[in-house]
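There are 4 protein chains.
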Amino acid sequence: MAREKIADKEKAIIEAAIAVFAERGFWNTPTSLISKTAGVADGTLFTYFATKDDLIHAVYLAVKGELADELMAGFDTLPTLYEKMRHIWSHFIEWGVAHPERFRVMQQIKSNYAISPDVAAQGLEPFAAIDQIARESIASGLVHDYPVDYLGALMDSQSSMTVEFITTHPEGIHYYIDIGFEILWKGVTR
Amino acid sequence: MAREKIADKEKAIIEAAIAVFAERGFWNTPTSLISKTAGVADGTLFTYFATKDDLIHAVYLAVKGELADELMAGFDTLPTLYEKMRHIWSHFIEWGVAHPERFRVMQQIKSNYAISPDVAAQGLEPFAAIDQIARESIASGLVHDYPVDYLGALMDSQSSMTVEFITTHPEGIHYYIDIGFEILWKGVTR
Amino acid sequence: MAREKIADKEKAIIEAAIAVFAERGFWNTPTSLISKTAGVADGTLFTYFATKDDLIHAVYLAVKGELADELMAGFDTLPTLYEKMRHIWSHFIEWGVAHPERFRVMQQIKSNYAISPDVAAQGLEPFAAIDQIARESIASGLVHDYPVDYLGALMDSQSSMTVEFITTHPEGIHYYIDIGFEILWKGVTR
Amino acid sequence: MAREKIADKEKAIIEAAIAVFAERGFWNTPTSLISKTAGVADGTLFTYFATKDDLIHAVYLAVKGELADELMAGFDTLPTLYEKMRHIWSHFIEWGVAHPERFRVMQQIKSNYAISPDVAAQGLEPFAAIDQIARESIASGLVHDYPVDYLGALMDSQSSMTVEFITTHPEGIHYYIDIGFEILWKGVTR
DNA sequence: CATGAATGAGGGTTCATTCAT
DNA sequence: AATGAATGAACCCTCATTCAT
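Residue numbers (the numbering used here), protein chains in the order written: chain A, -19 to 170; chain B, -19 to 170; chain C, -19 to 170; chain D, -19 to 170.
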């Protein structure tokens, strides 16, 4: 009971942070606005997160975690490498379009914020499987033997761009998912 | 005449701003640090730029302008569409790698900062030619008829990603320029 | 409960403001001097008054309110119009002489400061009774039927002047109260 | 010629100062606005007035001087004490109504600004004659033997109030001049 | 734990005054 | 003498963080 309440409050703060960060960015967002949005007192925020930085890190991990859950659901059962890749691609984009606040916050953290390396690593852990299929795809000869890191970065940037693009061209979400992957796949396979 | 507003000083402030913005981001950079870095008094900054925002805009335009000069130099004389695209691709990446501060500031402005639409448009003007070759490439049948905007965004994101990637993998700049373009070109042409 | 906003602290800030405003005027007084005088931190002032303007308004209302209490005490029980007028006259001057800082601040606000009309009206409310006796005095034929507004302004300016005069001629406070009223009364009655 | 130009510039600065001071008060008026209004460079102001304070003093003396000229013109030829008093009264009010900026600045200086005593005295010099008729009026038995200083202050405050009153009731300037003096005269004479 | 008032360092901007031209 | 860019001390206000209740 008491435990629950605590978890609720921590969650509420993170949710509030996501909402206001997405709208205003980190540097423009006073912690007091976050606590107010979360419905807690100013001081309470600091019993859950010692500093604003810690909160940002927690937000990062929370969002990354959710995203991982989304991407990895049903992932293992897919038979082919193509289907796996395609699954990641489309689920990522759909997730980004469906959760624009979370997506925006993630992008902001990536580009604006110096996350400590260990936290960054922690956030990437759940995506190890993706790395793995990249490796397998290359090993199988399906994909050119470009450096795996570069392929990962490529997929990341291209899918993110596609999410952003759809945000301003909302008519054709499935169309852009399709052609985006088509381009990527054609570019990368032998 | 009184002391003339010296172009050097305006330039010095912009350079200082680029340096500290790249390192700390806009919101983390006091104007006083910029003026100190530029070697002028706190107040002097405001005789050249009425507000911090104005300075940021000026930085944006300055960097975009330099980049445009770089990309467009010799561009018109290139015979084929392929060579033109390739020229843009490699020159952009080389520029980004050679001017990491400028590149970082540009990325930050893109992702963090609400540039007023007119300033944004002003900054994009010099790049109209790129749009044009995209259009021609499609018209000629060389490139699939994907939406031009999407292709532009794709090239933008992929080249930016490549710059960032090289920053952390500095050994093989030319290798990454090559494979990056290879992937892009293969993905996009018929 | 957290630390409660303490009425004492709000009062202390207003008192400090009166003291320094009286001595230096509004525009010459940094809020930091007020908070220092009040014995609170710089930021604390702004938890009680959102802006310097708000503080000035609060000072205005506080002083006007005190003055009203002073003038109106026992006012209703006075039998004749003459006695009522005389009561206002002498009590106002005595108050002004006894509280030179408050008096000076009130004068400054009147002459230097653009109080928003609603706040001004709020400050005048308690003095409605004075207006009333002016009207009655005229209706009864005791006082010439000059415009009530003009008579009010006359009484206001003449009493204020008398306070200031006494400040530089402190020997004869009662003498000046007497002759001041004598002149006023003689000038105004039939 | 050169002399004239200089005098022109000094005059221009004082005029500009009057205009902007009247509108915005001393503390709200940057010297740069004054110089701009005067059509001179920022620095030029300081070759004529070493500090902003000096300028304010100069403005005070200029306005007081003009007023004295106005009030004293034709004054000596008036036959009776009554007429002299009445002349001062009405000319002062007419001057104030006709030159609202100058009047406002004078009031502001009186109430807001700590003029050094010697400058204040310098400003009052031209009004010695007024003092004189007050004295004579008392000596002749025409006016009650109230302290001359008080009578001076009374006349000053009442006439100033009347100017301000007329500013907000512009219809009946002559009416208010008349009743104002009527009240004053009745109050003060035997 | 929760609360929210208290704190004070910091930030963008203004402006009287100086001084190189 | 005139100019206006340069200077830097202030100023109002914000906000992450602390702490008394």
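Glycine residues also receive a C-beta, built at the ideal position from the N, C-alpha and C atoms.
Inspect the beta-carbon positions of residue i and residue j and report whether they are closer than 8 Å.
i, j, result
"valine 99 of chain C", "leucine 41 of chain C", "yes"
"aspartate 111 of chain B", "valine 128 of chain B", "yes"
"tryptophan 69 of chain A", "phenylalanine 1 of chain A", "no"
"serine 91 of chain C", "serine 91 of chain D", "yes"
"valine 43 of chain A", "arginine 84 of chain A", "no"
"serine 117 of chain A", "leucine 61 of chain A", "yes"
"threonine 11 of chain B", "lysine 32 of chain B", "yes"
"glutamate 52 of chain D", "alanine 109 of chain D", "Position check: residue 52 of chain D holds methionine in this sequence, whereas glutamate was assumed. Yes, these two residues count as a Cβ contact at 8 Å."
"leucine 131 of chain C", "alanine 119 of chain C", "no"
What residues of chain B sit near residue i, judged by a beta carbon separation below 9 Å?
i, result
"glutamine 88 of chain A", "Ser91, Asn92"
"isoleucine 159 of chain A", "His124, Tyr126, Pro127, Tyr130"
Just checking my contact of residue i with residue j at CB under 8 Å: how many whole Å lie between their CB atoms?
i, j, result
"isoleucine 36 of chain A", "isoleucine 89 of chain A", "7 Å"
"alanine -3 of chain C", "isoleucine 14 of chain C", "5 Å"
"glycine 167 of chain B", "glycine 121 of chain A", "Not really, about 19 Å apart at Cβ, beyond 8 Å."
"alanine -13 of chain D", "alanine 18 of chain D", "Wrong, their Cβ atoms sit about 13 Å apart, outside the cutoff."
"alanine 133 of chain A", "phenylalanine 145 of chain B", "5 Å"
"tyrosine 126 of chain A", "isoleucine 153 of chain B", "The pair is not a contact, with the Cβ atoms about 15 Å apart (cut-off 8 Å)."
"tyrosine 156 of chain C", "threonine 169 of chain C", "So it is not a contact: roughly 20 Å between Cβ atoms."
Locate the alpha helix (DSSP H) running through residue i, then write down its first and last residues.
i, result
"glutamate 162 of chain B", "153 to 168"
"tryptophan 7 of chain A", "It is not in any alpha helix (DSSP H) - tryptophan 7 of chain A carries neither H nor E in the DSSP assignment."
"valine 134 of chain C", "Residue 134 of chain C is actually leucine in this sequence, not valine. Start and end: 128 to 148."
"alanine 108 of chain D", "108 to 119"
"proline 174 of chain B", "What the structure shows of chain B is the stretch from -19 to 170, and residue 174 of chain B is not part of that stretch, so it cannot be assessed."
"threonine 60 of chain A", "Threonine 60 of chain A -> no alpha helix (DSSP H), and no H or E assigned at all."
"phenylalanine 29 of chain D", "No alpha helix (DSSP H) holds phenylalanine 29 of chain D; DSSP gives it neither H nor E."
"valine 123 of chain A", "Careful: valine 123 of chain A lies outside any alpha helix (DSSP H) and carries neither H nor E."
"valine 20 of chain D", "Element bounds for valine 20 of chain D: n/a, residue is neither H nor E."
"alanine 53 of chain A", "Looking at the DSSP string, alanine 53 of chain A is not in any alpha helix (DSSP H), and its letter there is neither H nor E."
Along chain B, which residues have their Cβ under 7 Å away from the Cβ of residue i?
i, result
"methionine 141 of chain A", "Ala133, Leu134, Ser137"
"glycine 5 of chain A", "Asn92"
Taking Cβ-Cβ distances shorter than 7 Å, what residues in chain A pair up with residue i?
i, result
"glycine 167 of chain B", "Ile163, Leu164, Lys166, Gly167"
Going along chain D, which residues have a C-beta under 8 Å from residue i?
i, result
"phenylalanine 145 of chain C", "Asp129, Tyr130, Ala133"
Mind pulling the chain C residues with CB within less than 9 Å of residue i?
i, result
"tyrosine 156 of chain D", "Pro127, Tyr130"
Notebook entry, point to check: Do the region 6 to 20 of chain D and the region 103 to 121 of chain C meet, that is, are 3 or more Cβ pairs less than 8 Å apart?
Noted result: Flag = no, the region 6 to 20 of chain D and the region 103 to 121 of chain C do not touch.
Item checked: Inter-stretch contact at 8 Å, needing at least 3 Cβ pairs: the region 133 to 144 of chain D / the region 137 to 144 of chain C -> Enough Cβ pairs lie closer than 8 Å, so yes.
Check: If you pair each beta-carbon of the region 18 to 33 of chain C with each one of the region 63 to 80 of chain C, do three or more pairs fall below 8 Å?
Finding: Touching, no.
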